[in-house]
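Data block below; observations after.
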Amino acid sequence: MAPRRKRMRKDYLTESDDDMEEERDTSAGLDGTNGALDVASEFNNLSPEEMVAMWKDSITGVGQEFKSVIEFRDALQRFSIAHRFRYKFKKNETSRASGMCAAEGCSWSFYASWVPSERVFKIKKMNETHTCGESSKTAHPTKNWLVSIIKDKLRESPHHKPKEISKSILRDFGVTLNYSQVYRGIEGAREQLQGSYKEAYNQLPWFCDKLLEANPGSFIKLLIDNDKKFQRLFISFDASIHGFQNGCRPLLFLDSTSLRSKYHEILLTATALDGDDCIFPVAFAMVDTENDDSWNWFLEELRSAVSSSRSITFVSDKQKGLMESVLKIFENAHHGYSIYHLLDDFMKNLKGPFHGEGKGSLPVNFLAAACAARLDSFRMSAEQVKKVSSNAFDWMMQIAPEYWTNAAFKGESYQHITFDVAESYANWIEEVWELPLIQKLERLLCKMTEMMNNRRMNSSGWFTKLIPSREQLVKDASRRAHYLKVLFSSDTLFEVQGDSTHVVDMNKRDCSCLVWKATGLPCHHAIAVFNSTGRNVYDYCSSYFTVDSYRSTYSKSINLVEAIFKPPAKEKASVEEAEQVLPPSSTRTPTTHQKRRRKILGIEHRTVTCTKCKGIGHNKLSCKETS
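No gaps in the numbering here: position 327 of the sequence shown is 327 in the UniProt record's numbering, and each next residue is one more.
Here is the structure:
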């Protein structure tokens, strides 16, 4: 047998090696699975039950012919799925394949090989009888088969969860899969559907050049490290810069989001609000790691992009080092903490140190303290917290109130320290989380362009002085002003009486109720003064809320880059000759804001104490002390 086997191998190599290479090239690469047939596309009009019924005849026995060993392997895979049994190869080569049922002692087996003279891969021997019994039968899928099945499911619903896919495959095909198998299958399916994650990085230099060419005046910067690995990418479009400088309040929200993709990139964002309090992306960056250095770099690039004489207020979570970077890089800037980021940690402490009867009221009073426009109102809400839990009160006061309360904040916050812009932005980009990097950028581009175009078109139908939402606020305040009494103190100071008495200062454009200063729109006390003195209310409204300012915000467009994934033929050579960019090292990061916020706020986890031995770091169930 040995000489014969050697002769068969020799004949195959000498007479048909070129033929087989040609055959492999013909069958491979059609769907990115190295020649594996796409189950989903071949049977996409059939139900899972109909597919399984057809697969039962994928292998018919001795004499059956296939175009290649790849086609034979696929048929064998389908056959085993349909009949629910595992098999193992004894030989698995391009010229021959032999194997048997994986069950101990089962007689089912096969032998197939390439026939050079006929240019087919043929089954030569086969024992079609299983002696292992039904109870031992369970299918064992290959990765290629799994990818093709998952690919079909992702076409129907791109955001299928691994557990959902695992359950449906078990239900449809009787195949049991663990989480890692399904996760790898999803990765393979997404790569076939969306493109190579790795190749996307290599196209970044070309993409950035084309993006800048299409959007002159934009700030785009790509950094790679000494090992040619991707490090950082900063993008701020000219349309975004113009909109922020000419239509938005000097208010920027900083946040980071884990993109949860194969290489775990982090998205850093700087987001403004338009006059209607809708998010307006000013700049974003994709970085390999979130740390003080990457944030410092992002802020340096942001300063170059949005440099202006205005004093900007930044709102972010209380990340260590971020405040120092903001105040160092942006002169005369103010920095506040997002109340929603702080509230996450405040709520967690309700389960731990914040004990006290009625602790369910703590979050309400905490938010009331943050939103209070006056210091006396802040103190009242803080005292309510203290009555329930002194620990909660101490926790609040350890975070300097001037950074998280409207009453004590020193900059212009427009009452938006309590605005959850960061989470809104995270929801806005949710659908791009798991795409390759280039496609992430393309989707963000499309969403930003669509957003700007829609808002520009909507504003073309506005014929009021202020945008509709602010126009309504002024009308509501005007109705309330009719019930107030105005007393003249001087040409610029007025006392206004109603349920309470307030003083309006026309020179400072301020009222003792603090609403005018905080919002940029006159309060009903000020409007009562306007009515008494013949002043026009619109002359005292912030220009940021006018229709003209809103239209200026969206006056420019972002220009899309065509054929992102396939550069024109004449440019392919330059793309290939460009400096190679490799993916970053795949380092897992926290997938939720909550994990990161706990760490950066310096809040320690509650120490576990054993009630049995009084030791620290374990409980009574894991205690090793003997009774």
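Virtual Cβ for every residue (Gly too), placed ideally from N, Cα, C. Quick caveat, the model's predicted, so the values are computed rather than measured.
In this structure, DSSP gives residue 371 a helical state, which the three-state scheme calls helix. Only residues of its own chain outside the window of five on either side were considered, and among them 432 have a CB closer than 6 Å to the CB of residue 443, listed in chain order. In this structure, the CA atom of residue 400 is about 17 Å from the CA atom of residue 344. Taking a cut-off of 8 Å on C-beta distances, the stretch 159 to 166 does not touch the stretch 96 to 113, as fewer than three cross pairs fall below it. Under DSSP, residue 527 forms no beta bridge with any residue. For residue 336, the secondary structure class from DSSP, reduced to helix, strand or coil, is strand. Collapsing the DSSP output to three states places residue 363 in a helix. The beta carbon of residue 305 sits closer than 7 Å to the beta carbons of 219, 236, 241 and 283 from its chain, once the five residues preceding and following it are set aside; these are given in chain order. Here the stretch 113 to 131 makes no contact with the stretch 145 to 159; the two share fewer than three CB pairs at distances below 8 Å. As the crow flies, the alpha-carbon of residue 330 is around 32 Å from that of residue 382.
Sequence-distant Cβ neighbours of residue 469 in its own chain, meaning closer than 7 Å and more than five residues away, are 276.
Taking 9 Å as the cut-off, the beta carbon of residue 366 is found no closer than this to the beta carbon of residue 407.
Here residue 99 is bridged, per DSSP, to 89 and 110.
Nearest C-alpha to residue 266 among 199, 515, 186 and 287: 287. In the three-state reduction of the DSSP assignment, residue 224 falls in the strand class.
Residue 215 carries a coil assignment under DSSP once its states are collapsed to helix, strand and coil. Restricting attention to beta strand (DSSP E) runs no shorter than 3 residues, the stretch 231 to 305 encloses them at 251 to 258, 266 to 273 and 279 to 287, ordered along the chain. Cβ-Cβ distances below 7 Å link residue 129 to 107 and 108 in the same chain, with the five nearest sequence neighbours on each side left out; the list follows chain order. Under DSSP, residue 493 takes part in a beta bridge, and its partners are 505. Here DSSP, grouped into helix, strand and coil, assigns residue 176 to coil. Judged by their CB atoms, residue 263 and residue 583 are nearer to each other than the 9 Å cut-off.
Residue 270 has its alpha-carbon roughly 29 Å from the corresponding atom of residue 196. A Cβ-Cβ contact shorter than 9 Å links residue 493 with residue 503. Residue 295 and residue 323 have their C-alpha atoms spaced approximately 10 Å apart. Residue 465 and residue 538 do touch by the CB rule: their CB atoms are close to 5 Å apart, below 8 Å. Around the C-beta of residue 176, fewer than 16 other C-beta atoms lie within 10 Å, and the residue is accordingly described as exposed. If the five residues before and after residue 154 are omitted, its C-beta is found closer than 8 Å to the C-beta atoms of 160, 186, 189, 190 and 193, all from its own chain and listed in chain order. Per DSSP, residue 545 is not a residue of any beta strand (DSSP E), being assigned neither H nor E. DSSP places residue 487 within a strand segment (E or B) once states are collapsed to three. Contact between the stretch 470 to 489 and the stretch 524 to 532 is established, with three or more Cβ pairs separated by less than 8 Å. Distances from the alpha-carbon of residue 462 to those of 438, 540 and 545 put 545 closest.
Within the DSSP secondary-structure output, residue 126 pairs in a beta bridge with 110. Under the three-state reduction of DSSP output, residue 307 falls in the coil class, being neither helix nor strand. Counting the other CB atoms within 10 Å of its CB gives residue 53 a total below 16, which places it among the exposed residues. By DSSP's assignment, residue 115 forms a beta bridge with 120.
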